[in-house]
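Taken in order, these protein sequences are the chains called A and B. Under the numbering used here, the residues of the first sequence are numbered 3 to 115, in order. Under the numbering used here, the residues of the second sequence are numbered 22 to 134, in order. Positions of the beta carbon are idealized from the N, C-alpha and C atoms, including for glycine. This one's a predicted model, so the numbers in the text were calculated from it and none came from an experiment.
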Amino acid sequence: GESVGLHLPTLSVQEGDNSIINCAYSNSASDYFIWYKQESGKGPQFIIDIRSNMDKRQGQRVTVLLNKTVKHLSLQIAATQPGDSAVYFCAENLMNRDDKIIFGKGTRLHILP
Amino acid sequence: EAGVVQSPRYKIIEKKQPVAFWCNPISGHNTLYWYLQNLGQGPELLIRYENEEAVDDSQLPKDRFSAERLKGVDSTLKIQPAELGDSAVYLCASSRGAYNEQFFGPGTRLTVL
Numbered sequence: 003g004e005s006v007g008l009h010l011p012t013l014s015v016q017e018g019d020n021s022i023i024n025c026a027y028s029n030s031a032s033d034y035f036i037w038y039k040q041e042s043g044k045g046p047q048f049i050i051d052i053r054s055n056m057d058k059r060q061g062q063r064v065t066v067l068l069n070k071t072v073k074h075l076s077l078q079i080a081a082t083q084p085g086d087s088a089v090y091f092c093a094e095n096l097m098n099r100d101d102k103i104i105f106g107k108g109t110r111l112h113i114l115p
Numbered sequence: 022e023a024g025v026v027q028s029p030r031y032k033i034i035e036k037k038q039p040v041a042f043w044c045n046p047i048s049g050h051n052t053l054y055w056y057l058q059n060l061g062q063g064p065e066l067l068i069r070y071e072n073e074e075a076v077d078d079s080q081l082p083k084d085r086f087s088a089e090r091l092k093g094v095d096s097t098l099k100i101q102p103a104e105l106g107d108s109a110v111y112l113c114a115s116s117r118g119a120y121n122e123q124f125f126g127p128g129t130r131l132t133v134l
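Written out as structure tokens, the structure reads:
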């Protein structure tokens, strides 16, 4: 069946280090992927997205990598800051067939001082 | 630009009581979504509106949940009667249209006692 899952529920990283959050998906037909950041008491906030015809996309301090062969998605955050502490969700979508976004369970990122 | 507004932010009720949540989307956004988010989980779509039409309500438990978006702007989600298992955060999101970035509100945290 369709599912989006995360390898680790909690990740602790030293401030200033790079963070890598991983995600696995099972539907090979998924063609659009999104990373969201959710801070306590707030709704999810779009970080970066990637379409299935790409394997890498960079934003400001964030990079998303897509490996379609093993159906794996990762979010890399460079030089993590205290403000990066949040829960991160990956999500998948079947573009132009269904506007429904399927979210994974989330990884909580702790930034250590 | 104001974001998605939801009220109330918190609601505590006893089981079997009715409850309603209100959402005001970003101005000009035709698509509105209601999501349910359980603790530690990603949001799950309940219903999606295109203007005033509910185009996907397949995940809405229609025996007790109802929603409306009468004028294609604000929306209300209702539960009657509430059950203990309905305790969760109810998120509203809006977008310019299908397949566009979704912007989330802060959510309403419901506690059913």
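Local conformation of residue i per DSSP, three classes
i, result
"residue 107(B)", "helix"
"residue 51(A)", "strand"
"residue 86(A)", "helix"
"residue 36(B)", "coil"
"residue 15(A)", "strand"
"residue 109(A)", "strand"
"residue 102(A)", "strand"
"residue 29(A)", "coil"
"residue 73(A)", "coil"
"residue 3(A)", "Residue confidence for residue 3(A) is low, a pLDDT of 37 falling below 50, so the modelled location carries little weight and cannot support an answer."
Residues sharing a beta bridge with residue i, DSSP
i, result
"residue 79(A)", "21(A) and 64(A)"
"residue 89(B)", "97(B)"
"residue 40(A)", "89(A)"
"residue 130(B)", "31(B) and 110(B)"
"residue 26(B)", "45(B)"
"residue 52(B)", "71(B) and 116(B)"
"residue 121(B)", "Residue 121(B) is not bridged to any residue."
8 Å Cβ cut-off: residues of chain B touching residue i
i, result
"residue 61(A)", "Residues of chain B passing the Cβ test: none, with the nearest at roughly 13 Å."
"residue 86(A)", "What residue 86(A) touches in chain B: nothing, since even the nearest Cβ is about 18 Å away."
"residue 73(A)", "Those do not exist, as residue 73(A) stays about 17 Å from chain B at its closest Cβ, beyond 8 Å."
Interface partners of residue i on chain B, CB under 7 Å
i, result
"residue 91(A)", "63"
"residue 33(A)", "Neighbours of residue 33(A) on chain B: none; closest Cβ ~11 Å, over 7 Å."
Contact list for residue i against chain A, beta-carbon separation under 8 Å
i, result
"residue 131(B)", "None at all; the shortest Cβ gap to chain A is about 14 Å."
"residue 69(B)", "101 and 102"
Neighbouring residues, chain D, relative to residue i (Cβ below 8 Å)
i, result
"residue 42(B)", "The structure shown contains no chain D; its protein chains are A and B."
Within chain B, partners of residue i - CB distance below 9 Å
i, result
"residue 57(A)", "In chain order: nothing, as chain B lies at least about 21 Å away."
"residue 39(A)", "Here the premise fails: no neighbours, minimum Cβ distance about 11 Å."
CB-CB length for residue i against residue j, believed under 8 Å
i, j, result
"residue 41(B)", "residue 99(B)", "5 Å"
"residue 77(A)", "residue 64(A)", "6 Å"
"residue 57(B)", "residue 102(A)", "Not confirmed; about 14 Å, so no contact."
"residue 53(B)", "residue 64(B)", "No, residue 53(B) and residue 64(B) are not in contact; Cβ-Cβ is about 14 Å, not under 8 Å."
"residue 20(A)", "residue 80(A)", "5 Å"
"residue 101(B)", "residue 39(B)", "4 Å"
Contacts that residue i makes with chain A (C-beta to C-beta distance below 7 Å)
i, result
"residue 46(B)", "Per Cβ cutoff of 7 Å: no residues; residue 46(B) is ~12 Å from chain A at best."
"residue 127(B)", "43, 44 and 45"
"residue 57(B)", "Here the premise fails: no neighbours, minimum Cβ distance about 11 Å."
Going residue by residue through the region 56-82 of chain B, where are the continuous beta strand (DSSP E) segments of at least 3 residues, counting only ones entirely within it? Qualifying beta strand (DSSP E) stretches, in chain order: 65-71 and 74-77.
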